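In the working numbering, the protein residues as written are 15 to 136.
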Amino acid sequence: MAKKKQIIHDAVQERDFFRDVMDVVRQVPRGRVTSYGAIAKYLGAARSARIVGWCMSNAHTVRPLVPAQRVVNRNGLLTGKHHFGGPTAMQDLLEAEGVRVKDDQVVDFARKFWDPSVELGF
DNA sequence: GTGATGACTCAGG
DNA sequence: GCCTGAGCCATCA
15 MAKKKQIIHD AVQERDFFRD VMDVVRQVPR GRVTSYGAIA KYLGAARSAR
65 IVGWCMSNAH TVRPLVPAQR VVNRNGLLTG KHHFGGPTAM QDLLEAEGVR
115 VKDDQVVDFA RKFWDPSVEL GF
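Next comes the structure, spelled out in structure tokens:
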């Protein structure tokens with residue numbers, strides 16, 4: 015266990031922060047979406063939304079797969095769709111779950127918004 | 001150890 | 001209402 019710092023190589027996510035984020039994201043119900051800020055806030059790092067985003071960049075590289083498509087920015091915009099390997103991969107995934115996406119933006123975002131700090135009981 | 005980058009967010013003009 | 005700047009934290013070169 016010397017090179018644990020090498021990063022989430024395959025299924026090794028030892029980073030507490032990373033694992034925390036993954037855990038929260040995986041708790042997002044199907045058909046719902048959340049924001050980086052909400053996750054960060056739930057983790058106690060409301061000002062670390064960027065870190066959450068960084069974790070998501072690695073989210074699709076680990077197992078089990080994380081529904082990162084359910085995580086969007088505060089605007090409900092699919093900022094990270096470009097990281098899914100396809101220009102519409104993220105959108106397709108969301109639409110497959112019942113979340114309508116238009117112009118790279120979640121339709122009725124406010125209604126489908128899922129706040130871990132609230133849904134999980136804070 | 002410093003600098004740069006990043007799937008963000010908020011405040012100010 | 002839109003654009004700009006700054007803050008924030010973690011990782012990598």
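Cβ coordinates follow ideal geometry from the N, Cα and C atoms, glycine included.
None of these values were measured; they are calculated from a predicted model.
1. Is DSSP giving L91 helix, strand or coil here?
2. Candidates T93, M36, G94, R46: which alpha carbon is nearest L57's?
3. By DSSP, does F127 sit in helix, in strand, or in coil?
4. How should L134 be labelled, buried or exposed, when 16 other C-beta atoms within 10 angstroms of its C-beta is the threshold for buried?
5. If G51 sits next to A63, beta carbons under 8 Å apart, how far is it from one beta carbon to the other, in whole angstroms?
6. Which two residues bound the contiguous alpha helix (DSSP H) that contains R64?
7. Who are the Cβ neighbours of D34 in its own chain at under 8 Å, not counting the five residues just before and after it?
8. Could you tell me the distance, in whole angstroms, from the CA atom of V121 to the CA atom of L107?
9. What residue does the alpha helix (DSSP H) around L108 start on, and which one ends it?
10. In the DSSP assignment, the alpha helix (DSSP H) including A60 goes from what residue to what residue?
11. What span of residues does the alpha helix (DSSP H) with V39 cover, start to end?
12. Using only alpha-carbon positions, find the residue among W128, D129, V85 that is nearest to Q119.
13. For V113, which of helix, strand or coil comes out of DSSP?
Here's the rundown:
1. Within the first sequence, residue 91 is the residue found at index 77, counting from 1. Correct three-state label for L91: strand.
2. Looking up residue 57 in the first sequence gives position 43. Restricting attention to T93, M36, G94, R46, the CA atom closest to the CA of L57 is found in M36.
3. Against the first sequence, residue 127 aligns to sequence position 113. The three-state reading of DSSP puts F127 in strand, counting E and B together.
4. Working through the first sequence from its first residue, we reach residue 134 at position 120. With fewer than 16 other Cβ atoms from the protein chains shown falling within 10 Å of its own Cβ, L134 counts as exposed.
5. Reading the first sequence from its first residue, position 37 is the one you call residue 51. Reading the first sequence from its first residue, position 49 is the one you call residue 63. Taking C-beta atoms under 8 Å as the contact rule, G51 and A63 qualify, at a distance of about 5 Å.
6. To locate residue 64, count along the first sequence from 1; it is residue 50. Looking at the DSSP string, the run of the alpha helix (DSSP H) that includes R64 is 63-73.
7. What you label residue 34 is simply residue 20 of the first sequence in a count that begins at 1. Cβ within range, chain order: L57.
8. Position 107 of the first sequence, counted from the start, is the residue given in the question as residue 121. Position 93 of the first sequence, counted from the start, is the residue given in the question as residue 107. Cα to Cα, V121 sits roughly 14 Å from L107.
9. As a first step, residue 108 must be located in the first sequence, where it is residue number 94. Here the alpha helix (DSSP H) through L108 covers 103-110.
10. Looking up residue 60 in the first sequence gives position 46. Per DSSP, A60 is not a residue of any alpha helix (DSSP H), being assigned neither H nor E.
11. Taking the first residue of the first sequence as position 1, residue 39 is located at position 25. Where V39 is concerned, the enclosing alpha helix (DSSP H) stretches over 30-40.
12. Counting from one through the first sequence, the residue named residue 119 turns up at place 105. Answer by Cα proximity: V85.
13. As a first step, residue 113 is located in the first sequence; it is residue number 99 there, counting from the start. Of the three classes helix, strand and coil, the one that applies to V113 here is coil, per DSSP.
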